[in-house]
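According to the working numbering, the sequence shown is numbered sequentially starting from 4.
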Amino acid sequence: MSQWFWILGRVLLLVGAAASVNFFHHRYEEMVKALFDVKSACPYITRLYSIGRSVQGRQLYVLEFSDYPGIHELKPVLTHCTPHQQLRSNVSKSLTFSVEPEFKYVANMHGNEVLGRELLLQLAEFLCEEYRHGNQRITQLIHETRIHLLPSMNPDGYEVAAAQ
Numbered sequence: 004m005s006q007w008f009w010i011l012g013r014v015l016l017l018v019g020a021a022a023s024v025n026f027f028h029h030r031y032e033e034m035v036k037a038l039f040d041v042k043s044a045c046p047y048i049t050r051l052y053s054i055g056r057s058v059q060g061r062q063l064y065v066l067e068f069s070d071y072p073g074i075h076e077l078k079p080v081l082t083h084c085t086p087h088q089q090l091r092s093n094v095s096k097s098l099t100f101s102v103e104p105e106f107k108y109v110a111n112m113h114g115n116e117v118l119g120r121e122l123l124l125q126l127a128e129f130l131c132e133e134y135r136h137g138n139q140r141i142t143q144l145i146h147e148t149r150i151h152l153l154p155s156m157n158p159d160g161y162e163v164a165a166a167q
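Put into structure tokens, the structure is as follows:
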């Protein structure tokens, strides 16, 4: 009997999560508004910037998530020295620095590719909301990486496809 309650609880949880997600296709203006909304909701961990303009003059916006958005951070890394280095310097560990890892997701390369655009907008909203709610995995992800989301690399093509 308790197994059925567990299954029912899981189904209700999934239905509740799905009901909270806003599924619709964002035209260019709506996409830009969604990006600015995420930026406004999480101003300390996001940066919205443009990498240029499309052929028809639309901005190509990228939303960055990081604990220090816009800054390439150097992270200290403690490494073990080789036996040769230990003999020369009489230390067993060495402190070096590495740049914080970063990745970028790019969507909507072709005009009729709508799913990627919507998924990246949902990802942006998810990262922001979960960070604000204190999700430890999301907080760690944002503090240890720089995430760049470009939801539409071809906004002109999307608008042409949407108008048909």
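Cβ atoms here follow ideal geometry from the backbone N, Cα and C, with glycine treated the same way.
Tell me whether the beta-carbon of Glu105 lies closer than 7 Å to the beta-carbon of Glu76. Your numbering for residue 105 matches position 102 in the sequence shown. Your numbering for residue 76 matches position 73 in the sequence shown. No, the pair does not count as a contact, with Cβ atoms beyond the cut-off.
Rounded to the nearest angstrom, what separates Arg30 and Ala165 at their Cα positions? Taking the first residue of the sequence shown as 1, we reach residue 30 at position 27. Taking the first residue of the sequence shown as 1, we reach residue 165 at position 162. Cα to Cα, Arg30 sits roughly 8 Å from Ala165.
For Val65 and Glu128, which I take to be in contact (beta-carbon distance under 8 Å), what is that distance rounded to the nearest angstrom? Here residue 65 refers to the residue found at position 62 when the sequence shown is read from its first residue. Here residue 128 refers to the residue found at position 125 when the sequence shown is read from its first residue. Taking a contact as a CB-CB distance under 8 Å, the pair Val65 and Glu128 does not count as one, their CB atoms being some 16 Å apart.
Below 6 Å CB to CB, which residues in the same chain sit around Ile150 once its five sequence neighbours on both sides are set aside? In the sequence shown, the residue the question calls residue 150 occupies position 147. Cβ within range, chain order: Phe68.
I'd like the list of long-range same chain contacts for Phe153, defined as Cβ closer than 6 Å, with 5 residues on each side in sequence excluded. Locating residue 153 in the sequence shown gives position 150, where the first residue counts as 1. According to the sequence provided, residue 153 is Leu. The question's Phe does not apply to it. Closer than 6 Å at Cβ, skipping near neighbours: Val65 and Val109.
Going by other Cβ atoms of all chains shown within 10 Å of its Cβ, with 16 needed for buried, is Thr49 buried or exposed? The residue labelled residue 49 in the question sits at position 46 within the sequence shown. Answer is buried; the Cβ neighbour count reaches 16.
Please name the residue, chosen from Glu162, Ser53, Gly60 and Thr148, that lies closest to Met78 on a Cα-to-Cα basis. Stepping through the sequence shown from its first residue, residue 78 is reached at position 75. According to the sequence shown, residue 78 is Lys rather than Met. Measuring from the Cα of Lys78, the nearest candidate turns out to be Thr148.
DSSP beta-bridge partners for Glu105? Position 102 of the sequence shown, counted from the start, is the residue given in the question as residue 105. Its beta-bridge partners are Arg149.
Please identify the residue among Glu33, Leu38 and Ser57 whose C-alpha is closest to the C-alpha of Met112. Your numbering for residue 112 matches position 109 in the sequence shown. The residue with the shortest Cα to Cα distance from Met112 is Ser57.
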